[in-house]
Amino acid sequence: MGEALRDGFGRVHRSLRVSVTDRCNLRCRYCMPAEGMEWIPRADLLTDDEIARLVRLFASMGIAAVRVTGGEPLVRPGLAGLVRRMAGTPGIAEVSLTTNGVLLADAIDDLVAAGLARVNVSIDSLDPERFARITRRDDLGRALAGLAACERHPGLAPLKVNAVAMRGVSEPDVLPLAEAARTRPWIVRFIEVMPLDAPREWTRDLVLSGGELRAMIGARWPLVPAAPTRASATGTRWRFADGAGEMEFVASVTEPFCATCDRLRLTADGRLRTCLFAEEETDLLGPMRAGAGDGELAAIARAAVARKGPGHGMADPAWTYAGRPMSRIGG
Ligand code: SAM
Ligand code: SF4
Numbered sequence: 005m006g007e008a009l010r011d012g013f014g015r016v017h018r019s020l021r022v023s024v025t026d027r028c029n030l031r032c033r034y035c036m037p038a039e040g041m042e043w044i045p046r047a048d049l050l051t052d053d054e055i056a057r058l059v060r061l062f063a064s065m066g067i068a069a070v071r072v073t074g075g076e077p078l079v080r081p082g083l084a085g086l087v088r089r090m091a092g093t094p095g096i097a098e099v100s101l102t103t104n105g106v107l108l109a110d111a112i113d114d115l116v117a118a119g120l121a122r123v124n125v126s127i128d129s130l131d132p133e134r135f136a137r138i139t140r141r142d143d144l145g146r147a148l149a150g151l152a153a154c155e156r157h158p159g160l161a162p163l164k165v166n167a168v169a170m171r172g173v174s175e176p177d178v179l180p181l182a183e184a185a186r187t188r189p190w191i192v193r194f195i196e197v198m199p200l201d202a203p204r205e206w207t208r209d210l211v212l213s214g215g216e217l218r219a220m221i222g223a224r225w226p227l228v229p230a231a232p233t234r235a236s237a238t239g240t241r242w243r244f245a246d247g248a249g250e251m252e253f254v255a256s257v258t259e260p261f262c263a264t265c266d267r268l269r270l271t272a273d274g275r276l277r278t279c280l281f282a283e284e285e286t287d288l289l290g291p292m293r294a295g296a297g298d299g300e301l302a303a304i305a306r307a308a309v310a311r312k313g314p315g316h317g318m319a320d321p322a323w324t325y326a327g328r329p330m331s332r333i334g335g
């Protein structure tokens, strides 16, 4: 195996998020505009062979976990075949998926057979009308059917449900989602809304913080902190004091976890990003299509990781972000 991907701050990178498309069948308000989203030209999207090659290359440098994301990964044709290739790559111990769940019910059996190990389904509201208002599509029933289909695969446990929290929007959804964490076999994770929306409408006031969410839920059902499962985890774990279940809070804005970050991101058009918020990205597609060998691509990736900054700096009120929106990076 090649040398590990270590940055200038000693962080060793083990996890790669691969965006397999920037397209999506929903239009969540905190992610995409209602209309007029500009898509990456199809010719610039990585092919299955190119993704498989890059996963192999990263695995040879110590990447052990791949999370498939997007856009909506399930709109990419042939995803199970790609997952099979990723899962069969020497060194890759786990392939997971982040999805809105809408197309999941029909896809999950093939994905599990292909080696998919974990699923996160993004559902911001359990109320159909509120779900439709947030995602601009009336698809809660299909997303829940996707989750139910996952529950039939015990090997996928624990199932995680991602919910983005926004002040003035999400408050009515907080307790119903917390209740679901108590009654369903799901770990519900609240995520602070980040300035990664394509319409650029994010403001700091919109952030309903992890601390506020914990207080809202804890007042109804007391929560106690639980030990992290991994040092590099993005969410802090909390258990209900009565033992009824578990929740996570991904407080990227108010409680950044950059110091333990072990993640890299590959965009659907073959750019390597060392941070969700870095404006710098490193082209791998261009050199690959120009005939670069694995050694050359590995050197480009290593140099990019070596330049990774210490953190996103969002705590500074003067901080702004002008880079790509989340759907083009791969959340
Ligand atoms: N379409 C899939 C989905 O929604 O799960 C995968 C891609 S989506 C970009 C990945 C995750 O990022 C989702 O859980 C989504 O809710 C979250 N997300 C999108 N925009 C966000 C934002 N501005 N702030 C925080 N989380 C965001
Ligand atoms: Fe699509 Fe996921 Fe973005 Fe929602 S958050 S618009 S489901 S990519």
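If you count the sequence shown from 1, position 163 lands on 167 in the numbering used here, and the numbers rise without skipping.
Built from N, CA and C at the ideal position, the CB exists for glycine as well.
All values derive from a computational prediction rather than experimental measurement.
Item                                                                                                                                                                                           : Value
Is Cys-28 near ligand 1, in the sense that its beta carbon is under 7 Å from a heavy atom of that ligand?                                                                                      : yes
Could you pull out every unbroken alpha helix (DSSP H) segment of at least 4 residues lying fully inside the region 162 to 212, listed in chain order?                                         : 175 to 187
Can you have a look at Thr-233 and say buried or exposed, based on whether 16 or more other CB atoms are within 10 angstroms of its CB?                                                        : exposed
With distance defined between alpha-carbon atoms, name the residue in Ala-237, Ile-304, Asn-104 nearest to Ser-256.                                                                            : Ala-237
Use the C-beta contact count for Arg-224: other C-beta atoms within 10 angstroms, 16 or more gives buried, fewer gives exposed.                                                                : exposed
Does DSSP put Arg-234 in a helix, in a strand, or in coil?                                                                                                                                     : coil
Inspect the CB distances between the region 214 to 231 and the region 182 to 196 and report whether three or more fall short of 8 Å.                                                           : yes
Near Gly-274, which residues of its chain fall below 6 Å by C-beta distance, leaving aside the five closest residues on each side in sequence?                                                 : Leu-50, Leu-288, Leu-289
On the CB-based measure, 16 or more other CB atoms within 10 Å of its CB, does Val-173 come out buried or exposed?                                                                             : buried
Within 10 angstroms of the Cβ of Ala-167, are there 16 or more other Cβ atoms? Answer buried if so, exposed if not.                                                                            : buried
If Thr-73 sits next to Gly-315, beta carbons under 8 Å apart, how far is it from one beta carbon to the other, in whole angstroms?                                                             : 22 Å between Cβ atoms; not a contact.
Beta carbon of Arg-134, beta carbon of Pro-176: below 8 Å?                                                                                                                                     : yes
Please go through the same chain and pick out, in chain order, the residues whose beta-carbon is closer than 6 Å to the beta-carbon of Trp-323, but skip the five residues on each side of it. : Gly-317
Using beta-carbon positions only, say whether Cys-265 and Arg-21 come within less than 8 Å of one another.                                                                                     : no
Just the C-alpha distance for Arg-89 and Asp-246, rounded to the nearest angstrom, thanks.                                                                                                     : 42 Å
For chain D, is any of its Cβ atoms less than 8 Å away from the one on Glu-7?                                                                                                                  : No chain D appears in this structure, which consists of one protein chain only.
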